[in-house]
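Accompanying notes for the structure given below.
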Amino acid sequence: MAAGASVLYVSAEESAQQVKLRWQRLAGGASELQLLAETDLELVLEELEALRPAVAIIDSIQALHDANLTSAPGSVGQVRECAAALQRLAKRQNISLLLVGHVTKEGMLAGPKVLEHLVDAVLTFEGDRFASHRLLRAVKNRFGATHELGLFEMQSGGLAEVGNPSELFLSDARASGVATIVACEGTRSLVVDLQALVNVTSYASPRRTATGIGTNRLHQILAVLEKHMGLPLSRFDCYLAVAGGLEVEEPAADLGVAAAVVASFRDLTLPAGTVLIGELGLGGQLRPVGQLELRLQEAARLGFQRAVVPRGSGLGDLASGLDLALLEADSVTEALVLALGDAVQPDQD
């Protein structure tokens with residue numbers, strides 16, 4: 015928040031004393047912060063009209079209520095009407111409005127879907143509650159790219175920006191079952207370690223657990239590896255995790271997942287300085303991915319020397335300019351041989 019900007023913080027859940035204690039601890043930078051502990055929508059609108067702050071923060075929209083409605087605070091009708099009234103006033107008075115909202119157990123925004131349509135941007139906080147860093151993701155953004163990502167660290171004085179986010183998701187120690195990918199979040203690329211553990215199962219049905227990667231995606235990749243590389247993965251448990259608690263949804267991580275699984279199965283260590291980028295087709299082919307140039311630039315910036323990518327990327331000149339060896343492959347088998355050596359050649363029955 016720019017120093018000197020007038021800010022009205024409407025606390026509909028906590029008392030003024032509770033908010034004041036937190037503000038003093040964080041040593042805020044806005045010199046004109048005004049606090050209103052109120053849940054009545056009409057009174058909140060009156061204060062906004064009278065004060066006309068540069069920024070208004072409503073915490074939270076589910077706790078406000080419109081006395082003209084008979085439904086309880088937090089109901090669909092209350093949330094919809096309160097948000098619409100605040101939006102109209104904010105546009106009329108040119109006020110930047112931040113609405114804090116509740117989320118469901120599934121991580122979705124609580125309340126009516128129309129709430130997302132009323133606002134210009136939807137930002138969500140993510141992160142492991144046992145870790146000190148938090149991810150701020152733009153799910154909807156009328157001002158820029160969706161899925162833009164900001165990384166912050168929880169400190170005693172509040173959230174501090176992480177200057178080099180890739181360092182959060184990388185480890186200097188190399189072990190079997192670890193592969194490195196480059197994930198894109200909006201316009202930001204992040205170099206991330208994937209960790210896999212493959213072990214003989216003790217159950218009738220092997221366990222498949224994924225943290226940070228969709229379980230269905232993991233099942234698909236395991237099926238491709240069993241079919242096209244002859245690995246008897248149906249007799250093994252498989253655990254997969256993305257370092258740092260990051261959620262990776264894009265298929266460009268497929269090759270990295272496959273490499274981590276095969277490396278753990280064969281008890282191999284990927285050579286240092288190697289990143290893997292590519293989507294796997296069901297036929298075992300390697301498919302091109304978007305924003306490859308951006309991914310390679312980030313890998314080169316962090317000192318990686320080799321990148322295994324789908325063939326036909328057409329980025330040979332860029333790779334030489336970045337001092338990055340580009341290893342191109344048509345299939346998952348070819349890609350993993352390039353990354354791990356001949357020890358991963360398909361088993362012959």
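When we follow the working numbering, the leftmost residue of the sequence shown carries the number 15, and every step to the right adds one.
For each residue, glycine too, the CB sits at the ideal point set by N, CA and C.
Just so we're clear, the structure is a prediction, and the values are computed from it rather than from any experiment.
Buried/exposed call for residue i, threshold 16 Cβ in 10 Å
{"i": "K105", "result": "exposed"}
{"i": "M122", "result": "exposed"}
{"i": "A224", "result": "buried"}
{"i": "Q32", "result": "exposed"}
{"i": "A286", "result": "exposed"}
{"i": "Y23", "result": "buried"}
{"i": "D363", "result": "Reliability of the predicted coordinates at D363 is poor, the pLDDT of 49 falling under 50, and the value obtained from them is presented with this limitation in mind. When all chains shown are included, D363 counts as exposed."}
{"i": "L35", "result": "exposed"}
{"i": "A30", "result": "exposed"}
{"i": "S180", "result": "buried"}
{"i": "G258", "result": "buried"}
{"i": "H131", "result": "exposed"}
{"i": "A70", "result": "buried"}
{"i": "A349", "result": "buried"}
{"i": "D281", "result": "exposed"}
{"i": "A357", "result": "exposed"}
{"i": "G177", "result": "exposed"}
{"i": "G292", "result": "buried"}
{"i": "A159", "result": "exposed"}
{"i": "T118", "result": "exposed"}
{"i": "Q76", "result": "buried"}
{"i": "S278", "result": "buried"}
N-terminal and C-terminal residue of the alpha helix (DSSP H) that residue i is part of
{"i": "G91", "result": "V90 to Q107"}
{"i": "L354", "result": "V346 to L354"}
{"i": "S278", "result": "D268 to R280"}
{"i": "E240", "result": "T229 to M243"}
{"i": "Q38", "result": "A30 to L40"}
Residues bridged to residue i (per DSSP)
{"i": "D54", "result": "H79"}
{"i": "L47", "result": "V21"}
{"i": "F250", "result": "V214"}
{"i": "A343", "result": "P324"}
{"i": "A135", "result": "N155"}
{"i": "F166", "result": "R148 and E175"}
{"i": "Q299", "result": "S345"}
{"i": "L123", "result": "V117"}
{"i": "Q209", "result": "V192 and A255"}
{"i": "L294", "result": "L300"}
{"i": "S203", "result": "C198"}
{"i": "E140", "result": "L149"}
Span of the beta strand (DSSP E), counted from its first residue to its last, around residue i
{"i": "R315", "result": "Per DSSP, R315 belongs to no beta strand (DSSP E); it is in the alpha helix (DSSP H), L306 to R315."}
{"i": "Q154", "result": "Sequence check: residue 154 is Lys here, not Gln. Per DSSP, K154 belongs to the beta strand (DSSP E) from H147 to N155."}
{"i": "I195", "result": "V192 to E199"}
{"i": "I71", "result": "V69 to D73"}
{"i": "L113", "result": "S110 to V114"}
{"i": "V289", "result": "T288 to L290"}
{"i": "T223", "result": "R222 to T225"}
Whole-Å CB distance - residue i paired with residue j, under 8 Å assumed
{"i": "A369", "j": "L308", "result": "Absent from the structure is residue 369, since the part of the chain shown begins at 15 and ends at 363."}
{"i": "R202", "j": "E162", "result": "7 Å"}
{"i": "L284", "j": "A314", "result": "About 18 Å separates the two Cβ atoms, so there is no contact after all."}
{"i": "L50", "j": "V58", "result": "7 Å"}
{"i": "Q107", "j": "R66", "result": "5 Å"}
{"i": "G226", "j": "A255", "result": "6 Å"}
{"i": "D80", "j": "L62", "result": "Contact flag wrong, Cβ pair sits at about 15 Å."}
{"i": "L100", "j": "I72", "result": "7 Å"}
{"i": "S190", "j": "E167", "result": "No, S190 and E167 are not in contact; Cβ-Cβ is about 30 Å, not under 8 Å."}
{"i": "G60", "j": "A26", "result": "Per the sequence presented here, residue 60 reads as Glu, with Gly not at that position. At roughly 15 Å, the Cβ-Cβ gap does not stay under 8 Å, so E60 and A26 are not in contact."}
{"i": "A197", "j": "E264", "result": "6 Å"}
{"i": "G200", "j": "A152", "result": "7 Å"}
{"i": "G115", "j": "S85", "result": "With a Cβ gap of about 17 Å, G115 and S85 do not count as contacting."}
{"i": "A68", "j": "V21", "result": "7 Å"}
Flag this pair as touching only if the region 273–291 and the region 197–217 have three or more C-beta atom pairs under 8 Å; answer yes or no. Output reads yes: the region 197–217 touches the region 273–291.
Inter-stretch contact at 8 Å, needing at least 3 Cβ pairs: the region 320–329 / the region 340–348: Flag = yes, the region 320–329 and the region 340–348 touch.
Report yes or no: do three or more beta-carbon pairs, one from the region 288–299 and one from the region 234–254, lie closer than 8 Å? At 8 Å Cβ cutoff, the stretches touch.
Determine, using beta-carbon pairs with one atom in the region 85–98 and one in the region 121–135, whether at least three such pairs fall under 8 Å. Taking 8 Å as the limit for Cβ pairs, the verdict is that the region 121–135 does touch the region 85–98.
The region 212–227 in contact with the region 167–174 per 3-pair CB rule at 8 Å: Cβ pair count under 8 Å is below three, so no.
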